[in-house]
Each structure stands twice: as C-alpha cells, then as structure tokens.
Ligand SMILES: NC(=O)c1ccc[n+]([C@@H]2O[C@H](COP(=O)([O-])OP(=O)(O)OC[C@H]3O[C@@H](n4cnc5c(N)ncnc54)[C@H](OP(=O)(O)O)[C@@H]3O)[C@@H](O)[C@H]2O)c1
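Numbering (our numbering), first residue to last: 2 to 321.
This is the structure in structure tokens:
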C-alpha cells in the first residue's frame, strides 16, 4: 500500500511517499481503508523528536513505526473474529498516538481503542479532524476543574487545541475570553467566545480582569506574566513545556507553595472521550475548524505549513 514513510527523525523532508505492506487485522482489530487524516503538531513533534523525551515512546535512535498520522477517518474493510461493535462498511474516525499509521492507505486498530462511527451529518474529511486538538483541550479543561460561570481566558484560540477549547468551555458553561489575531476575530466569535481580544492590539497579560483559568493553548506566555490576571486560586495551563521545561517544574512546586497553580496534565485518549466528542458534534456543540486540505503526495508541504505555527484549526491530509 501507499504510505508517507520516515526512517529517521528530522525536518519535514525526512518523510517521503513509498510502498509498505498492508497491515492485517488481529482477532481484536479492524482494518480501516483510510479516507483522510490530519497533519498535526502531534505528528510533527514525533517526527522531529525535537523534545527528546518523545523518543522513549517512538524509538531512541530511529522511529519504530515508519508511518505517522495520529488521526484518521475511513471505512472498515475487514475485522477480526472478536470484533462485535463494528461491521464491514462502517464509516469511522479515530485517534492513535501509540502506533500512528494513518498517513497510509490502510490502518489497523483495536476495536476497543479510540475509534467510533462517524457522527451523523458530517463528512469523512471533517470527521478526521474531530479528535486531536479537542482531546488535549478536554484533558486540560478537566484538569482545571472548570465550573459553570467561571471566567476562562484562552490564548491561541485559533489553533486545533484553542478552537476546540473555546467550544468545549462554552459547552461546560464557562465565560470565555479568547485571544487571536485580527484576521481571526469573526471566526473565534463564531466559536462562541464571550469576548475576543486581538493580540496585535492588546496584551492580555496586562488586563485588569482576573480569571479562574488561563489556558495558553499555543504556549506563547508564561506563568509569571499571567499570574496577575489569575484569581487567588486561579489555574494556569500551557500546551508547551515552557523555557527549560519551566511549566513542568512549576506544576510540581506551585501546588505546594502557591494558591495560584500551574498544572501540566498528561493527555490520554480513550473510547469514552471519542464517544463524548462524537455526541457533542451531533448535538451541534462542537465543530472542528478546518484550515486547508493537502493531497497525500504533498505531505512535506503540509508539514512545512503546520510548522509555521500559524495554521487555523486543523490541516487535512487526503489519502483516499
Ligand atoms: N507535545 C505534543 O505532542 C503537542 C501536541 C499537540 C500540540 N502541542 C502544542 O500545542 C500548541 C498548539 O497546537 P495547535 O495544533 O493547537 O495549534 P498551532 O498550529 O500551533 O497554532 C496555531 C495558532 O496559534 C495562533 N498564534 C500564533 N502565534 C500566536 C500568539 N503569539 N498569540 C496567540 N496566538 C498565536 C495562530 O493564530 P492567529 O493567526 O490568530 O495568530 C494559529 O492559528 C503548539 O505549541 C504545539 O506545539 C503539542
């Protein structure tokens, strides 16, 4: 089968199109004919191995799995004998950041893992972009224990994580102030933000208001700068490690020494969350933001684009 293959860590051009053997499902797995995937920051992080810690999971010197692609949508074309939740012909979407493999024509995954039938009234391309950003957002919102009526600031409200965070926070009843560039103000308003700040005009860290939760979904701020806009028991979470991993150290120490805390939750993915997100899509509470679509052959260009750090929402990779 055709796949986007990488044999070493590095910049986008370590990935090339080639042929590998089509996977065969085990008795607990389904075989998905992939229609679309995304090219996202998770794929880019593992490909570049910029944070050496990722190599503990993906292989110390060389990548163990030669095909990236954490998100997928497509059709089930074969299944193992123990699989009862899916039938051949089902249209599905899912996420796999352990084995990846969605930047290929076929992918296998355990039926009990993060895979579900696509929501009603949504096409396969859109379905491919439901999970990655929103599960990071969900994990961080849960860690911050956001309650109805709380005031939350989201910086980077136009990324895959930020655009999902705004919608999920509104679903959970928070009052959301979102920060983005001038060109994205109307998009972020349409996601449900109560107030939208243009970062080319306003430095949100100098606001007079205080927030229960400051969520830097693009990792451009720091706890020290955001401290003064946090309420006395406020929470700060960033999606980046921070300078010299500061967000990790602060997450260890601030819960002991400060009422204002930094958290650094470890994201996890599971069946319950994908079914929850599917429900939110069906009920109209969440819609993935899609920036543009690349053909599989243009994988290097797609990586180069997302690594500008300026994509809006999600970038689709069309496989099928
Ligand atoms: N470690 C991991 O595995 C992992 C996985 C996923 C994500 N992440 C991290 O999470 C972050 C977000 O990823 P993502 O995929 O959601 O989005 P992304 O592609 O990194 O975010 C792009 C968005 O950030 C906004 N932005 C750029 N500079 C900004 C600034 N100075 N202030 C506010 N917004 C700014 C841009 O919107 P405007 O046009 O409005 O500026 C753009 O839409 C990244 O830092 C990424 O590395 C890490």
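Note that the Cβ used here is the ideal one computed from N, Cα and C, for glycine as well.
Exercise for review: Alpha carbon to alpha carbon, how far is residue 42 from residue 138? Give it in angstroms, no decimals.
Suggested key: 14 Å
Check your understanding: Can you find at least 3 beta carbon pairs, one from the stretch 156 to 166 and one from the stretch 211 to 223, that sit closer than 8 Å?
Key -> Yes: the two stretches touch, three or more of their Cβ pairs being nearer than 8 Å.
Check your understanding: For residue 40, does the three-state DSSP call read helix, strand or coil?
Key -> coil
Exercise for review: Apply the 10 Å Cβ neighbour rule to residue 235 and answer buried if 16 or more other Cβ atoms are within range, or exposed otherwise.
Suggested key: buried
Review point. Do residue 166 and ligand 1 come close, with the Cβ less than 6 Å from some heavy atom?
Key: No, Cβ of residue 166 sits at least 6 Å from all heavy atoms of ligand 1.
Review point. If you measure from the CB of residue 161, is any heavy atom of ligand 1 nearer than 6 Å?
Key: Indeed, a heavy atom of ligand 1 lies less than 6 Å from the Cβ.
Point to revise | residue 87 versus 113, 68, 106 and 102, residue with shortest Cα-Cα distance | key: 113
Practice item. Throw me the rounded Cβ distance for the residue 224 and residue 167 pair, which I believe falls under 8 Å. Key: Contact flag wrong, Cβ pair sits at about 21 Å.
Exercise for review: Taking residue 103 and residue 70 to be in contact with their CB atoms under 8 Å, please state how far apart those CB atoms are, rounded to whole angstroms.
Suggested key: 3 Å
**Study point:** Complete runs of the beta strand (DSSP E) confined to the stretch 61 to 109 [at least 3 residues]
**Key:** 72 to 80 and 92 to 96
Exercise for review: Give the single residue among 118, 122, 52 and 73 whose Cα lies nearest to the Cα of residue 100.
Suggested key: 73
Point to revise | Supposed contact pair residue 119 and residue 94 - C-beta distance, whole angstroms, cut 8 Å | key: 5 Å
Practice item. Please report the residue range of the beta strand (DSSP E) in which residue 115 lies. Key: Looking at the DSSP string, residue 115 is not in any beta strand (DSSP E), and its letter there is neither H nor E.
Check your understanding: Can you give the Cα-Cα distance for residue 319 and residue 81, rounded to whole angstroms?
Key -> 26 Å
Check your understanding: Does at least one heavy atom of ligand 2 sit under 6 Å from the Cβ of residue 78?
Key -> Ligand 2 is not among the ligands present in this structure, which contains only ligand 1.
Review point. Thinking C-alpha only, which one of 127, 75 and 65 is nearest residue 98?
Key: 65
Check your understanding: Apart from the five residues on each side of it in sequence, which residues of its chain come closer than 6 Å, Cβ to Cβ, to residue 256?
Key -> 262
Exercise for review: Taking all protein chains shown into account, decide if residue 127 is buried (16 or more other Cβ within 10 angstroms of its Cβ) or exposed.
Suggested key: buried
**Study point:** Within the stretch 244 to 313, ranges of the beta strand (DSSP E) (whole runs, at least 3 residues)
**Key:** If we require 3 residues or more, the beta strand (DSSP E) runs fully inside the stretch 244 to 313 come out as 262 to 264 and 291 to 296.
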